[in-house]
Amino acid sequence: MEKEDLKVLNKGEEEEMELQGFRLCPWRLALVGVGVLCTGGFLLLLLYWMPEWCVKSTCVPTSACDAEVVLLRSTDEFRRWFLAKVRVMLAPGSNPFHSLDTQTTSPPSPPSPSMANGDTRPPQELIRSYVDYQPTAIRYFTLHSTKYYWNERVQNFEDLTGLEDLNVSCAALHSEHSRGLTRNQQEYRKLFFGVNEIEVKVPSVFKLLIKEVLNPFYIFQLFSVILWSADEYYYYAVAIVIMSLLSIATSLYAIKKQYVMLHDMVAAHSTVRVSVCRANNEIVEVLSSDLVPGDVMVIPSNGTIMPCDAVLVSGTCIVNESMLTGESVPVTKTNLPNQSPGESGDEAESAYSTEEHKRHTLFCGTNVIQTRFYTGELVKAVVVRTGFSTAKGQLVRSILYPKPTDFKLYRDAYLFLLCLVGVAGIGFVYSIVLSVMNKVPAKTIIIESLDIITITVPPALPAAMTAGIVYAQRRLKRIGIFCISPQRINICGQINLVCFDKTGTLTEDGLDLWGVQRVENGGFQQSEEKAYKENLVKSQFVACMATCHSLTKIEGQLSGDPLDLKMFEATGWILEEDTEEETSLHNRITPTVVRPPKQLLPPQPVLPEQDLELYDLPSQYEIGIVRQFPFSSALQRMSVVARLRGEKRMDAYMKGAPEMVARHCKTDTVPDTFAEVLEGYTKQGFRVIALAHRRLQSKLTWHKVLNISRDHIETNMDFLGLIIMQNKLKTETTAVLQDLRRANIRTVMVTGDNMLTAISVARDCGMIPPQDAVIIAEAMAPHDGQTARITWRYADSPSMATSLEEVNISLEDVCHIYEPKEQERYHFAMNGKSFSVISEHFPDLLQKLVLHGTVFARMAPDQKTQLVEALQDVEYFVGMCGDGANDCGALKRAHGGISLSELEASVASPFTSKTPNISCVPSLIREGRAALVTSFCVFKFMALYSIIQYISVTLLYSILSNLGDFQFLFIDIAIILFLVFTMSLNPAWKELVARPPPSGLISAPLLLSVLSQILLNFGFQICAFFWVKQQPWYSVWTPHADACNVTSPTNMSDRNSTEVDDHNIKNYENTSLFYVSCFQYLIVSIVFSKGRPFREPSYKNWPFVLTSLTLLVFLLSVMFYPAKAIDDFLEIVCVPMDWKVKLLLLVLVNAAACVVVEKSIDVSADRCLQCPSKVAPKARYMHLAQALSVDPDWPPKPTTTTEAKPRPQNGSSCLMVSNS
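So my numbering is basically just the index in the sequence shown, starting at one, shifted up by 129.
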């Protein structure tokens, strides 16, 4: 394939893929068909498992535009292959957003009257009506519920998301897209965007069965069963079939249940009847499945579940977005900013984006609770995305098509299986050579040589490996942690870094009002505990607290942001809203009114008319909220326009981040001690909100206020003061973080809150110890010809009270005081803006920063996800714990994401905790460690089981014997399955230890353990095999042999007079090896079933102890107290008592040797771990830490600046510059 024929799909996005075009080749297809026939269908299976082989063996390369089949490969670390068939669609045009009249292929005559009035014909008829006019043939393929269309202009396939593809401005959405579509336009767009539904098809049981049965392992089992049946091992074959059927049935039930749950979650309210505006101003009712981008939807006044993503162009909505964000607090959505005639507005001219304009966007699946409108106006929204392109659709796609779990254990398991296959290959060749030398019939040679392969790869391996995970999942469920991705439990055992959201996770969800600090005459007053006072009731400060919020009444209860709720409740005021009936009576109404309670208003005579200041107004008054500018995380503020009833002039009130509010106030109204007072509060961990007020001009009429931009309102304000909110730590937080620190698990805070508040909380909870330094990295993006730069400063430095340019402390003094000594630790802190700049302009520095980064403040949801990815890039195993609000992306991306929210957003998180605090984190890691160690124990045991059985069979092949059908059955069912499923029951150890469990099977201690046990057991089997032949009573066994009652084989001469067993199962070698190997299975299960420090000791696992004792007693009984029925069933022969005693001694020595060797390996491994200097670092973050520990320029000195040099092709470089 030529380089230029390789296309890149979704460039720069998470789902980036390489695409190659192919077309079918008849002669290759014919050759493959012959190959399928010759291999009995095995080649077809191979091509099913390997899509790239399937395409390359049946097709020839061609250009992407002519392709009949496309082969895609993901560009991520997994490099997965996908295959898709290219289809052709006939349409009147090639661009869904073009008018039908402007298409080159449209009919020359005007449309018929029926079409102009809104044709009700289905899309197929619409296509048929254009057939005579040579419609455009559009090539497309579907992958992961997304359609990709061929774009001639860019010569590549592209997906269509919606109106955002047009890069349309906010003003254009109002002027060009708010009138609605004609019926023809709607049908035309539907050809491209399809039906508006998020369809989760629940596959039939038959389809799921076929897909499950075609798994390579079940095909191998089928091959094994056929082979055993041919060798007349019917009982064992039936047992394996029953096991496989149980495994398949369990798997099908779990998969079907997950599909049904997801289908039910998505199907609820997925298709509803909605009202849409047509281009001729007609409002028609249609099914929501018929909506397309560009349709104008009328939001009903009593609310609805949104069937698509749509942007509000008129009216206001109260929306519950818990399905997407996990936050149950209703959100106010306002109409998209529109540019008034003759007015310029940057926001109106900016391109519409669902992310940037989410305050104006109604997302699919969210619940519109209420709408606000004026007489004669409808609440309208323009549909921007439909189907799987919506926010809900993307969430469902991420669940339907998750990224594979990349974990070293599973990679190593495949390598180990390959090694077992290699061992099986040696046995395969050995058995063929031996059989040919002994002139064994060809049929027997084939069966016995293939049988070696089925013995070496144990059929019960998958069931055994999942047992520990299933038990861990049950234990997690008992402590209130629910898991939707069981394979992640093992990965959680490796977690060595946990990111925590702050509000609602480390701290209490709600905020308490600690106090207020008002400003009068340009200076701060003494802080006051509460605003619920008679002398404050008529102050602008309290008026701002009472009006500047987004609260609403839902079913008589105040609802909204917790901060707004606490602030409003602190005033003691009352909020009233007009009902819909009252609203419709007025042309101009005040939808929300606030007033103080009568008991707060002192009786006083009405003063003569004065300057109409608020504090001079009569005691009975109400303030109406005329317009809201909702809180924006980008602007870090919100504002309202309010009017006192009976007043002409209006007031503007603003609240938000103190630094942002102060920037919009008159300089003379902001106290000189502002920075000092603010720093004092934030260092103590308080959440500080600033308030401001402005008296608007009388010329600003009601109509003008409703259309004015917020930039005109939020300027030249008077600074009113500060509200100090307290966000208390949850009681469990400090103790849990201490447990994690003792276990050498790093903790990181990722929050949307203020930087200094976050640092203070990090110190309070112990995330940053008191003696550790905190270095704040402030990054500036390139501007005015200057390159990007990072300024470093220490959080506890006195220079923080002033600007960076006014540092008066010399560099030498600062370094002497604040530079961390060699033994001291340091932590980096940065905000979301700095994180973005560093990610873009200092990529080589980012890894160094995340190595010691502890506080990440003002982080947007996508930045949280990027941080998790940056930590994973340096090979940390990352856990993420959040309350569901804005954490969905990071929860999904982390190795172990734990949501503290039980809402639908938790569907995206692998784990959900019923306990609303972080105590679930150590519990999950402990269970993960226990499950991981259990997986290692089980895998080692299963490997030893197959090798021990392989050794027995190989030794018996040398005398043309084998294990009997019921011997296999007893070993595989009675011994192995019972031991495996009970040895997995050890619960997790009660505390987290500093030592991490091994991450993979390919490690020195584990390999040494397995190899030493193989050699020991091999040695003792060889010993038993040859020792039995040295016994004085030994002879080749015959049905008349009676070694139990003779001391010499004098009467064995007529052994050929009776019929000998065809398979030669009954003989002394078989019986001896059967006894020894059965004890060996028991020995290795006990040796490998380890307890502390990750699991409870095995003696506390009573099912395992009971199983082991039962098997021991049974084996000793069979050995020393033979029963004819059992001997006949197991096809064992009688041997003298002295030989049984010798075998028992051999077994005891075997057990002692296995225990001693395993214990020695464990002790050696512990010593190596206690001397880390002798162990080379494995993970990338360890290498990085080692390199930085000897770097004299790291960490950066305070008051220095790092500038970005022009980046070469292969990366970036930085320059450390001293700030003078």
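For every residue, glycine included, the Cβ atom is placed at its ideal position computed from N, Cα and C.
Note that the structure is predicted; figures quoted are calculated from it, not measured.
Taking all protein chains shown into account, decide if residue i is buried (16 or more other Cβ within 10 angstroms of its Cβ) or exposed.
i: Gln-149; result: buried
i: Tyr-177; result: exposed
i: Asp-693; result: buried
i: Ala-480; result: exposed
i: Ile-1212; result: buried
i: Glu-577; result: buried
i: Cys-188; result: buried
i: Arg-792; result: exposed
i: Ala-542; result: buried
i: Gln-232; result: Confidence at Gln-232 is low in this model, with a pLDDT of 47, below 50, so the placement of that residue should be treated as unreliable; the coordinate-derived value is given next. Its Cβ being crowded by 16 or more others within 10 Å, Gln-232 is buried.
i: Asn-1091; result: buried
i: Arg-1224; result: buried
i: Trp-1162; result: buried
i: Leu-158; result: exposed
i: Asp-740; result: Interpretation of Asp-740 is limited by its pLDDT of 43, a score under 50 that renders its predicted location unreliable; the figure taken from the coordinates is listed afterwards. Burial call: exposed.
i: Cys-1283; result: buried
i: Leu-1140; result: exposed
Would you mind giving the Cβ-Cβ distance between residue i and residue j, rounded to the nearest angstrom? I have them listed as a contact below 8 angstroms.
i: Thr-400; j: Ser-380; result: Rounded, the Cβ-Cβ distance is 31 angstroms, inconsistent with contact.
i: Tyr-364; j: Phe-1095; result: 7 angstroms
i: Cys-673; j: Ile-1054; result: In fact, because the Cβ distance is near 46 angstroms, the residues do not count as touching under 8 angstroms.
i: Asp-847; j: Cys-894; result: 37 angstroms between Cβ atoms; not a contact.
i: Pro-1051; j: Leu-869; result: 6 angstroms
i: Leu-295; j: Phe-226; result: 6 angstroms
i: Gln-1150; j: Val-1205; result: 6 angstroms
i: Lys-1158; j: Glu-1260; result: Not quite, the Cβ-Cβ distance comes to about 20 angstroms (not below 8 angstroms), so this is no contact.
i: Pro-787; j: Gly-651; result: Their Cβ separation, rounded to whole angstroms, is 16 angstroms, which puts Pro-787 and Gly-651 out of contact at 8 angstroms.
Have a look at the options and flag the residue whose alpha-carbon is nearest the alpha-carbon of residue i.
i: Ser-518; options: Ser-1052, Asn-467, Phe-492, Arg-501; result: Phe-492
i: Ile-818; options: Glu-143, Met-854, Ser-1075; result: Met-854
i: Ala-1308; options: His-1169, Asn-410, Tyr-1005; result: Tyr-1005
i: Gln-1315; options: His-981, Leu-626, Leu-547; result: His-981
i: Pro-1222; options: Ala-872, Val-427, Ala-193; result: Ala-872
i: Gln-900; options: Ala-924, Leu-885, Ala-906; result: Ala-924
i: Glu-805; options: Gly-141, Leu-885, Val-997; result: Leu-885
i: Phe-611; options: Ile-584, Gly-1025, Thr-860; result: Gly-1025
i: Lys-777; options: Ser-827, Glu-751, Phe-803; result: Ser-827
i: Gln-284; options: Asp-195, Leu-1202, Cys-1173, Pro-264; result: Asp-195
i: Phe-1070; options: Ser-1048, Ile-1088, Thr-1111; result: Thr-1111
i: Glu-907; options: Thr-920, Met-896, Ile-897; result: Thr-920
Please tell me whether residue i and residue j are closer than 8 angstroms, where the distance is taken between their beta carbons.
i: Thr-433; j: Arg-918; result: no
i: Arg-488; j: Lys-462; result: yes
i: Thr-994; j: Gly-1011; result: no
i: Val-190; j: Phe-151; result: Looking at the sequence shown, residue 190 is not Val but Pro. Going by C-beta atoms, Pro-190 is nearer than 8 angstroms to Phe-151.
i: Ala-368; j: Ile-1102; result: yes
i: Gln-315; j: Val-421; result: yes
i: Ile-618; j: Gln-602; result: yes
i: Ala-220; j: Val-199; result: no
i: Ala-383; j: Val-1067; result: no
i: Thr-445; j: Asn-464; result: yes
DSSP beta-bridge partners for residue i?
i: Asp-438; result: Arg-514
i: Tyr-782; result: Val-769, His-822
i: Asn-285; result: Asn-280
i: Phe-611; result: Thr-1041
i: Leu-635; result: In DSSP, Leu-635 forms no bridge with anything.
i: Gly-644; result: Ile-853
i: His-956; result: Val-903
i: Cys-794; result: Met-846
Please confirm if residue i has its CB atom under 8 angstroms from at least one CB of chain B.
i: Val-1109; result: Going by chain labels, chain B is absent from the structure shown, which holds only one protein chain.
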